[in-house]
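Quick note, my numbering runs 2 ahead of the 1-based positions in the sequence shown. Positions of the beta carbon are idealized from the N, C-alpha and C atoms, including for glycine. In this text the structure is predicted, and so the values were computed from the model without any measurement. This report refers to the structure that appears directly beneath it.
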Amino acid sequence: MVNHQTIGDRAAHLSPEDLAALRENLHEQRLFRQEQLRQIAAAPRAEDLLRRRSAAQAEVHVKVAASARMVLADVEAALRRIAEGRYGTCHLCRRPVERDRLMIVPQARYCARCQQVREAGR
């Protein structure tokens, strides 16, 4: 049997205060990642780093930038889900993402069970 809950019902585990706090957290994370990427962009390019530093240091620089871009994309996607009323629903099983999980990882797309399944499949 398919459960046809409304989005509001699925997100009922989040109070308006929770949602406001999560939105604020996501906005702060977005600002932090945008600033981090600005600082990385202002730093010497990877090719220049290779000439002046070890290859390992250059690789770390490139990976930090990639990670910051990935987290920023996740944060922006979470903010879109909030704006669209789809926030807090697992992308796989369509059940609510646990409140405690969202409070720790507000950009989470999956409930804890589905996240474990995804990670086990890697």
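Would you identify the three-state DSSP class for PRO18, choosing helix, strand or coil?
In the structure shown, PRO18 sits in a helix (DSSP, three-state: H, G or I).
Identify the continuous alpha helix (DSSP H) that holds GLN118 and give its terminal residues.
Looking at the DSSP string, the run of the alpha helix (DSSP H) that includes GLN118 is 114-122.
Given ARG83, which residues of its chain have a CB within under 7 Å of its CB, disregarding the five upstream and five downstream residues?
Apart from sequence neighbours up to five positions away, the residues of its chain that approach ARG83 with a beta-carbon distance below 7 Å are TYR89, ordered along the chain.
Three or more C-beta pairs under 8 Å: does that hold for the region 114-122 against the region 15-33?
Judged by Cβ distances under 8 Å, the region 114-122 makes no contact with the region 15-33, as fewer than three pairs qualify.
Count the other CB atoms within 10 Å of the CB of PRO108; is the residue buried (16 or more) or exposed (fewer)?
So PRO108 counts as buried.
Nearest CA to the CA of ALA44: which residue from HIS63, VAL77, ALA57 and GLU26?
Ranking the options by Cα distance to ALA44, first place goes to HIS63.
Between which residues of its own chain and ARG25 is the CB-CB distance below 6 Å, once the five residues before and five after are set aside?
Excluding sequence positions up to five before and after ARG25, its CB lies within less than 6 Å of the CB of ILE84, all in the same chain and listed in chain order.
So, at 7 Å on beta carbons, what are the nonlocal neighbours of VAL77 in its own chain, with the 5 sequence-adjacent residues on each side left out?
So the list reads LEU28, GLN31, ARG32, ARG35 and GLN109, once near-sequence residues are dropped.
Assigned exposure category for CYS92 - 16 Cβ within 10 Å defines buried
Its Cβ being crowded by 16 or more others within 10 Å, CYS92 is buried.
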